[in-house]
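Chains as they are written, first to last, in the working numbering: chain L, 20 to 507; chain G, 20 to 507. Each residue gets a CB set at the ideal place from its N, CA and C atoms; glycine is no exception. Here the structure is a predicted model, which is why all the values come from computation and not from measurement. Okay, structure first, notes after.
Protein chains: 2
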Amino acid sequence: METSGRMGARRIYETLKAQIIGRTYGTDGALPSSRSLAAELGVSRSTITVAYEQLAAEGFINVRHGARPRVVGAAVGAIEKREASRTSARNIHLSQLGARLLKDASRWTDPPRGLVANFRYGELSPSDFPVSAWKKAMVAAISRKPVHLAYDDPCGSLRLRRALQGYLWRSRSVRCHVDQIVVVNGSQQGLDICSRLLLDAGDRFVMEDPGYQIAKVVFAATGAIAVPVPVDADGLDTKRVAKIEARLAYVTPSHQYPLGGVLPVARRYELLAWARKHDAWLIEDDYDSEYRYDTKPVPPLQTLQDSGRVVYLGTVSKTLSPTLRVGYLVVPAGLQSAFAAAKQVMDRHTPLLEQEALAAMLESGTYEGHVRRARRRNAERRESLLQALHRRFGDRVRVEGAAAGLHLVAWFEGLPIAAEDDLVRTARSKGVGVYPISPLFDQRTAGRPDVVGLVMGYSALDAKQIEKGCKLLADAVEQIDRLANWTR
Amino acid sequence: METSGRMGARRIYETLKAQIIGRTYGTDGALPSSRSLAAELGVSRSTITVAYEQLAAEGFINVRHGARPRVVGAAVGAIEKREASRTSARNIHLSQLGARLLKDASRWTDPPRGLVANFRYGELSPSDFPVSAWKKAMVAAISRKPVHLAYDDPCGSLRLRRALQGYLWRSRSVRCHVDQIVVVNGSQQGLDICSRLLLDAGDRFVMEDPGYQIAKVVFAATGAIAVPVPVDADGLDTKRVAKIEARLAYVTPSHQYPLGGVLPVARRYELLAWARKHDAWLIEDDYDSEYRYDTKPVPPLQTLQDSGRVVYLGTVSKTLSPTLRVGYLVVPAGLQSAFAAAKQVMDRHTPLLEQEALAAMLESGTYEGHVRRARRRNAERRESLLQALHRRFGDRVRVEGAAAGLHLVAWFEGLPIAAEDDLVRTARSKGVGVYPISPLFDQRTAGRPDVVGLVMGYSALDAKQIEKGCKLLADAVEQIDRLANWTR
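Below, the structure written as structure tokens:
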């Protein structure tokens with residue numbers, strides 16, 4: 020009977036029970052009505068009733084006439100939750116790319132809960148999200164009945180690309196044709212498209228050191244080889260790039276990640292000259308350029324003459340939310356067809372309703388108003404953090420890269436790198452999430468720091484959390500100092 | 020002055036003019052206020068005023084005190100719209116994958132407008148979209164203030180995966196652990212992840228012939244080689260697969276695309292045995308299994324014993340909308356880590372609000388209610404199309420694959436394949452969009468049809484459009500018949 024898809028009451032009962040225990044319906048959640056489940060499974064309603072009666076008899080569900088059966092929360096709670104088993108993929112034949120990814124990619128983990136303050140970079144405060152504006156824009160997008168429900172342009176909706184064209188010019192002096200814009204699912208997908216279109220196995224690519232690790236992982240997944248180049252207070256050391264033969268360089272000129280330098284114009288021209296000489300591509304990741312405090316804007320590489328080798332990358336992950344997954348590329352004219360073809364086979368196009376909603380916010384000026392407000396709030400947060408660090412640590416902490424963006428680097432003088440793990444653990448035990456900079460350095464080069472440095476993101480925190488977090492961090496440092504004196 | 024990012028009034032004027040002509044603001048659209056533009060560009064407000072005054076003097080914009088300047092539509096209309104130039108990428112150094120994509124991928128084109136009926140497969144009727152349910156679910160998702168705005172699980176929100184786990188079991192008898200589910204941006208991304216994790220350059224993969232071309236393009240982009248295997252009325256000819264050495268087979272067992280056969284259980288077991296013998300993967304694309312009319316459900320490969328080599332692929336593109344870009348994979352336990360790593364570097368995760376909205380619709384039963392309604396409507400459309408074809412063409416048209424899905428194949432006996440282009444053009448000139456099946460056949464094999472066959476999608480059309488479309492199609496066929504008699 021298996022083959023016709025019809026199931027007996029016993030198998031239905033067993034599967035439902037497994038699902039209830041696996042919390043498919045949540046605790047106290049409702050199961051489907053017997054009528055609708057019978058229709059879906061193609062069995063008689065009485066078959067479902069038998070299964071439901073058995074589950075009710077065993078205390079898994081409550082059945083009331085005329086209502087959908089509900090899970091009995093207590094019954095579920097009593098059964099230990101089976102732990103998710105993400106089986107290892109050893110002995111499984113993966114592609115070379117798959118094997119590389121499995122080796123290099125760091126595994127995503129649930130954000131820690133219940134911390135007093137989590138200085139994790141990349142998170143935003145839910146209170147900054149423009150809930151009513153986004154709701155309004157989204158409702159309008161859903162209500163607008165389109166002529167077709169059909170796949171849209173792989174490069175993104177024309178309406179959004181027009182709106183972005185104007186925005187990019189106003190906010191970043193970027194002048195481009197609408198057809199050079201490719202809407203992507205966040206900058207991560209932008210990096211991925213670049214890796215696939217521009218790198219082959221064995222190619223070399225320049226990475227800032229320290230730098231953005233997930234970019235390195237996605238480029239290296241192609242089989243290409245990272246060439247780390249040191250970063251100083253002004254960003255990438257372009258003199259050192261000059262001698263390197265490579266296909267591509269990944270750069271963050273507006274606000275180097277993580278050290279925060281702003282690449283001077285002279286270095287920008289050096290980079291462009293290098294790219295021209297080597298027939299190489301520059302990936303300009305302008306990930307947080309909306310946030311600029313006491314520094315003048317420097318125009319992106321994309322706006323400088325001879326920018327036909329620059330792929331410019333922007334995102335709303337730092338202005339609206341990283342969970343929306345919307346970003347955009349400005350690609351050289353000669354690459355338009357390749358990017359369109361790649362985006363189409365990768366996922367057809369970015370979800371259309373989000374694109375419409377963002378376009379509406381850009382057109383009405385709501386987006387730029389929101390960005391101005393977010394900029395003010397983050398300027399306040401930054402000020403709070405600078406003051407708290409100064410108050411708690413005085414000269415012991417040297418701050419780097421605070422002129423722009425949503426994070427800074429705090430170097431703890433006299434706290435040797437060997438104490439890093441201890442500091443992270445001790446701080447966590449006191450309720451503070453801190454993230455060392457050392458994993459962002461290339462592990463093969465000599466340039467790694469010898470004192471503890473933390474990448475401190477502040478955009479998800481309020482002033483009180485920042486103040487409290489710094490106090491607890493100071494406690495943690497003090498505790499580690501004491502331990503160091505003990506063991507000496 | 021360029022280097023500080025400050026611009027003079029002339030450059031601002033020139034750029035605005037180019038944008039107005041390029042319709043960045045639409046015709047009659049509003050430009051930013053001088054205050055906000057000045058703030059964005061970091062120049063004085065009077066600089067913007069000078070630029071705006073020049074544009075007004077030239078008739079490009081209307082300036083009124085206290086309001087944002089507006090584009091003068093007539094001025095824009097008078098200037099010929101510069102055609103989008105998607106420059107060719109010749110002489111540009113792309114990766115091997117990039118070069119293959121550029122060669123193989125068909126370019127997306129705007130859907131034709133103003134047709135009486137467009138029988139294009141894959142489009143849905145906007146009147147079927149559950150506007151108010153989606154709006155409600157989306158508003159709830161936006162309003163629910165999360166603890167963090169942070170990257171979520173690359174495999175998808177736990178809430179949605181739990182809801183899908185129950186749905187997949189109820190609707191498709193698929194039993195799986197929540198961790199086997201990976202939420203993707205439509206089935207296209209599911210195919211892309213599979214191509215990257217499971218295929219290397221030089222590997223061979225089995226494709227149904229005729230088959231789904233964009234799957235072939237994405238698999239072949241890795242450098243792997245397609246091995247076409249013929250399809251008959253029962254789907255893939257698995258006897259022929261048995262002798263083939265390959266890493267992967269892409270199959271559509273529920274409703275073969277495009278011919279519509281339902282793969283019998285015996286063939287399913289043959290496929291599974293083949294995969295086991297060759298250590299190969301089966302990609303089971305269950306793209307339209309929600310639509311089943313006069314055929315019994317056959318359980319997916321995924322549900323049959325020994326399914327540790329099956330990657331199951333589903334989508335809401337055929338039930339809600341192709342523009343939402345939500346799909347899901349059920350992967351074998353051993354592949355979970357690799358899929359999680361790949362999804363993370365590809366785009367972090369699928370947009371979260373959509374996932375929450377879909378989860379809410381699944382939990383409340385709204386989704387399944389919607390699917391039942393859509394099924395009824397599409398059953399009516401299918402009936403209309405079958406009747407209209409019979410009435411207009413009688414025995415001349417042989418229908419294939421109408422038992423399930425959202426399309427059928429209409430074979431026109433006595434209309435030689437050489438007349439195919441003529442028929443498409445003639446039908447289009449009469450206001451009907453029709454799409455021949457021949458491009459879905461492997462171009463290297465002998466199995467191509469010798470009479471015209473059309474893949475007729477009906478899910479975007481109402482009964483009147485179907486009736487009118489078939490009448491006009493009959494006119495077109497008659498016209499071609501007459502021409503054929505003439506030239507004989």
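How would you list, in chain order, the residues of chain G whose beta-carbon sits under 7 angstroms from the beta-carbon of residue i?
i	result
L:F548	There is no way to answer for residue 548 of chain L, as the model of chain L reaches only from 20 to 507.
L:I161	V150, W153, K154, M157
L:L430	Just to set this straight, residue 430 of chain L is Trp in the shown sequence, not Leu. Within 7 angstroms Cβ-Cβ: nothing; L:W430 doesn't reach chain G, min ~25 angstroms.
L:R367	G205, Q207, R344
Excluding sequence positions up to five away, which residues of its chain have a Cβ less than 7 angstroms from the Cβ of residue i?
i	result
G:A70	A28, I31, Y32, L35
G:S192	P318, T322
G:Q73	Y32
G:R394	E309, Y310
G:R467	S457, F460
G:R396	D147
L:L56	I67
L:S63	A57
L:Y170	R367, H368
Applying the criterion that 16 or more other CB atoms from any shown protein chain within 10 Å of the CB defines a buried residue, is residue i buried or exposed?
i	result
G:D47	exposed
G:Q324	exposed
G:A14	Residue 14 of chain G lies beyond the residue range present for chain G, which begins at 20 and ends at 507; the question has no answer from this structure.
L:R501	exposed
L:E102	In this prediction, L:E102 scores a pLDDT of 32, lower than 50, which makes its location untrustworthy; the coordinate-derived value is nonetheless stated afterwards. L:E102 should be labelled exposed.
G:S356	buried
L:P272	buried
L:V270	buried
G:H112	exposed
L:Y312	exposed
G:E497	exposed
G:H167	buried
For chain L, check one thing: does any of its Cβ atoms lie closer than 9 angstroms to the Cβ of residue i?
i	result
G:Y477	no
G:A245	no
G:G205	yes
G:H196	yes
G:P316	yes
G:D305	no
G:Q406	no
G:M226	no
G:Q484	no
In chain C, what lies closer than 7 angstroms to residue i by C-beta?
i	result
L:A240	No chain C appears in the structure shown, which is made up of the protein chains L and G.
Taking 9 angstroms as the CB-CB limit, is residue i close to chain G?
i	result
L:H112	yes
L:Q321	no
L:I40	no
L:P272	no
L:L116	yes
L:V237	yes
L:Q275	no
Counting only the same chain and skipping the five closest in sequence on each side, list residues whose C-beta sits under 6 angstroms from that of residue i.
i	result
L:E382	A182
G:G254	Q275, G280, L282
L:G472	V428, W430, I456
L:E227	V250, L255
For residue i, go through chain G and note every residue whose CB falls closer than 9 angstroms to its CB, in chain order.
i	result
L:Y312	Correct list: empty, because the minimum Cβ distance to chain G is about 13 angstroms.
L:K164	P145, S146, F148, V150
Could you work out which residues of chain G lie near residue i, taking near to mean beta carbons separated by less than 8 angstroms?
i	result
L:D172	W127, D129
Once the 5 residues before and after residue i are set aside, which same chain residues still bring their CB inside 8 angstroms of it?
i	result
G:V416	L408, H409, A429, W430, F431, E432
Just to make sure I have the definition right: I need the residues of chain L whose C-beta is within less than 7 angstroms of the C-beta of residue i. Which are they?
i	result
G:D219	S114, Q115
Closer than 9 angstroms between beta carbons: that is the criterion. Which residues of the segment 59-91 of chain L meet it against chain G?
Listed by position along the chain: E59, L60, G61, R87.
Chain L contacts made by the segment 339-350 of chain G, where a contact means CB separation under 7 angstroms: S340, P341, T342, L343, R344
Legend entry - Short-range partners of chain L found in the segment 375-395 of chain G, where Cβ spacing is below 8 angstroms: E382, G384, E387, G388, R391
Worksheet item: Mind listing which residues of the segment 459-473 of chain G have their C-beta closer than 9 angstroms to chain L's C-betas, in chain order?
Response: none
Output needed in chain order: residues of the segment 437-452 of chain L with a Cβ under 9 angstroms from some Cβ in chain G.
Residues are counted here when their Cβ sits less than 9 angstroms from a Cβ of chain G; for the segment 437-452 of chain L the count is zero.
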